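Under numbering that gives the first Met the number 0, think of the first position of the sequence shown as 0, with each following residue one higher. Heads up, the beta-carbon is just placed ideally off N, CA and C, and yes, glycines get one too. Since the structure is predicted, the reported quantities are computational estimates derived from the model, not experimental observations.
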Amino acid sequence: MFSKIRTVKEAYQNFKLFISKVYEPTEAESITAMVFKEILGYDRIKLILNETELLSAALFEQIDFIAFQLIQHKPIQYILGYTYFHDLKISVNEHVLIPRPETEEIIDYILANHDNRIMDVLDIGTGSGCIPIALKHQRANWSISAIDISAEALKTAQSNAKKYNLQMEFILADVFEFQPNGKFDLIVSNPPYVLESEKLQMQQNVLAFEPALALFVPDQKPLKYYERIVSIAAQHLNANGKLYLEINESFATETAQLLAQFTFENIQIIQDFKGKNRLVLGTKN
Ligand SMILES: C[S@@+](CC[C@H](N)C(=O)[O-])C[C@H]1O[C@@H](n2cnc3c(N)ncnc32)[C@H](O)[C@@H]1O
């Protein structure tokens, strides 16, 4: 694809054009910038300053390989092996969901509501470990445990925590069988919540590459994870403990009702930056 290309500028423009077959122009631009930052170490200004620099054959090969994976819809985060979450570089692979900006907002919300006082925290369905890692990074006094049913996901989460030298407990467990030891002051979860029927509207890169185990629930049981998590929270939160749940925007009312059935108080539904219902929270009475 890039055989006649010589300079950084030509390579950049060609790459962007090539991936525009499958990406919108603004996304193609930002992915191209990410790739060139990764491969050359140049941010946008350095790219302009060095645009006439000649690229080596080895670099072309790397860029070529990335471009071909991208047009097969492989997410850039899986190609590069990382993403940024709450300003932390988090390793990702096809065993973990790519952390989303909506989840970063939940971290902001939790941090805004809780200071660094000692607390016991549980994250259910931790995936890459993005939630406990972002929390522990800001709240060193919290004692955090995280569970996931996927051993591969937990391995990724553990290595992410190690990279930042953060101590936390990772537990391999199925939430439907999990019996926590002791009590918590805060439980957070971003469980699978996409309906099988919603697959039709999803982008190919999500469907083909992200783990189905992290995403889908049967149409007939959209709240299956929430029913279990709220029941765990009802038994294992201390009085006045908080439950934070990321949700499918179509089931905010039903999730809030579920919390009410378990006698949670101060139940709120919070919208994300796209104006969609994304977080349900409540306080254990
Ligand atoms: C939507 S992903 C969230 C990952 C991560 N917390 C995030 O916000 O990016 C849901 C996670 O729940 C895990 N999971 C699915 N079923 C589970 C189960 N029965 N018990 C425990 N974890 C489960 C998946 O492996 C996946 O990592």
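- By the neighbour-count criterion, in which 16 or more other beta carbons inside 10 Å mark a residue as buried, K241 falls on the buried side.
- Within the same chain, D119, H235, L236, N237, G240 come within 8 angstroms of K182 by CB-CB distance, once the 5 residues on both sides are set aside.
- Beyond the five residues adjoining it in sequence on each side, L206 comes within less than 7 angstroms, by CB distance, of K198 in the same chain, given in chain order.
- For the alpha helix (DSSP H) assignment, the uninterrupted runs of no fewer than 4 residues enclosed by the region 62-88 are, from N- to C-terminal side, 75-79.
- Set against 7 angstroms, the gap from the CB of F175 to the closest heavy atom of ligand 1 is smaller.
- The residues P221, L222, in chain order, have a CB closer than 7 angstroms to that of F250 in the same chain once the five nearest residues on each side in sequence are set aside.
- Counting other Cβ atoms within 10 Å of its Cβ, L48 stays below 16 and is therefore classed as exposed.
- By the Cβ-count criterion, S144 is buried, with 16 or more other Cβ atoms from all chains shown falling within 10 Å of its own Cβ.
- By the beta-carbon neighbour count (other beta carbons within 10 angstroms, threshold 16), L278 is buried.
- For Q203, the uninterrupted alpha helix (DSSP H) run begins and ends at 203-208, by DSSP.
- According to DSSP, residue pairing for E245 in a beta bridge involves L278.
- The C-alpha of K15 is placed about 6 angstroms away from the C-alpha of E28.
- Membership of D184 in the beta strand (DSSP E) is indicated by the continuous run 183-188.
- Counted as a single uninterrupted DSSP element, the beta strand (DSSP E) harbouring L171 occupies residues 168-171.
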